[in-house]
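Here this note's numbering is used: the first residue of the sequence shown is -12, the next is one more, and so on.
Below: the structure, in structure tokens.
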Amino acid sequence: MDDKLIFGIYPGGLDALQKGLPNNPEKINEALDILQGDKQLFLVRGYRGFDNVDVEAPEMMEQYCINGRKLDLTLCYRSATGDIDGWIIFIKRMIHQYSTHLHKIQITEEPNNPDALTGGDGSSKNIHEAIIEGVIVAKREASLLGLHIMVGFNAVVSFNPTDSFWQSLAERITPKFMNSLDFVGLDFFPDVFIPLPAKPDGITISIEEAVNLVLNQFRKANLAIGKISDNIPIHITENGWATTPERTFQRQKEVLIDTLLVVNQLKVELNITHYEYFGLRDADSSDNGFQFGLMKDDYISKPAFDAYKTLIKSYG
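This is the structure in structure tokens:
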């Protein structure tokens, strides 16, 4: 594999359920140009929703596919009825719509996370079928259109020994699915939704230790149980560290640097090829809740923005 990572970012501030300043496409493209630097490829992560959640985030995402940028398109399943036939039609429609803008397409979003409020598809009916049939159909449709795009799905890490998701997947996968699968994505946010755990001596583990633990668990435990070959690369599809009045801009920068140091160190051993940050700017910087952006909602950069630019140049 190439020893350079491919980078990207979710370019919006708002998702479909948030309030705040509207996206400014001109400022977004300016910021993406800065982050991309002289890299020939830089990914724009976007989301579309199926069934009764017609999500498009960011809106008109193809407008950011300039200067060598391509889409990492995530198709969120979120189906209460388990409508696989409709899901297949939706996947085909999305491939036709975004076509040559696509670098890769992700089938379902966090299918082992049952909490829809935090972005998971896991409570949706027929979730394993949505993954397997969706990946196969997406690869076939892209091939029919002459599109050379990567097709995969993603998940969150699991440390739960009774978690049945990966075993259930292993029992359902077929050679056709494995031949269609180009990557498995990982969403992880250490020290955001759950504090970093303590070691037996009572000392809290570091960000570097947490990232190392998560990446090794995902590859060597979760994917192994799911019968996903080590030859299938891991794409880090969402990662970030949110600021608040108590969580400083400087610490966000430090966490990003420490995280990517570990990712870069483990990329060959664990076959990690892509990294995408979530996200470019805050939804509403006046809100005291989590603010994930590398920029404030008015596009004034936080220290982590310049750090990410430097890391992309160094590791990409």
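Note that CB positions come from ideal geometry on N, CA and C, so glycine has one too.
Annotated three-state conformation of His135 is coil, per DSSP. Here DSSP, grouped into helix, strand and coil, assigns Thr149 to coil. At the C-beta level, His115 and Leu156 come within 8 Å of one another.
Where Arg56 is concerned, the enclosing beta strand (DSSP E) starts and stops at 56 to 63. Taking 8 Å as the cut-off, the Cβ atoms of Phe140 and Gln204 do not count as close. Taking each of Tyr264, Ile299, Leu131 in turn and checking the Cα distance to Asp59, the smallest one comes out for Tyr264. Assigned with DSSP and collapsed to three states, Thr161 falls in coil, not helix or strand. Using a Cβ-Cβ distance cut-off of 8 Å, the segment 56 to 72 and the segment 19 to 38 are in contact, since at least three pairs of beta carbons, one from each stretch, lie closer than that value.
Rounded to whole angstroms, the Cβ separation of Leu(-8) and Lys254 is 6 Å, and the two are in contact under 8 Å. Sequence-distant Cβ neighbours of Ser167 in its own chain, meaning closer than 7 Å and more than five residues away, are Val122, Ile123, Lys126, Val138.
Here DSSP, grouped into helix, strand and coil, assigns Phe205 to helix. Between Asp284 and Asp269 the beta-carbon gap is near 5 Å, inside 8 Å, which marks them as a contact. Sixteen is the threshold: when 16 or more other Cβ atoms of the shown chains lie within 10 Å of the Cβ of Ile136, as they do, the residue is buried.
The three-state reading of DSSP puts Met47 in coil, since its state is none of H, G, I, E or B. Assignment of Thr87 by DSSP, reduced to helix, strand and coil, places it in the helix class. Within the DSSP bridge table, the entry for Ala142 names Leu173 as partners. With fewer than 16 other Cβ atoms inside 10 Å of its own Cβ, Lys186 counts as exposed. In the DSSP assignment, the residues bridged to Met282 are Arg268, Ser288. Contact between the segment 41 to 54 and the segment 13 to 21 is present: three or more C-beta pairs spanning the two stretches fall below 8 Å. Under DSSP, Leu8 forms no beta bridge with any residue.
Setting aside the 5 residues that flank it on each side, His88 is surrounded in the same chain by Glu49, Cys52, Lys57, Leu58, each with a C-beta closer than 7 Å to its C-beta; the list follows chain order.
Judged by pairs of C-beta atoms under 8 Å, the segment 189 to 196 touches the segment 245 to 254, as three or more such pairs exist.
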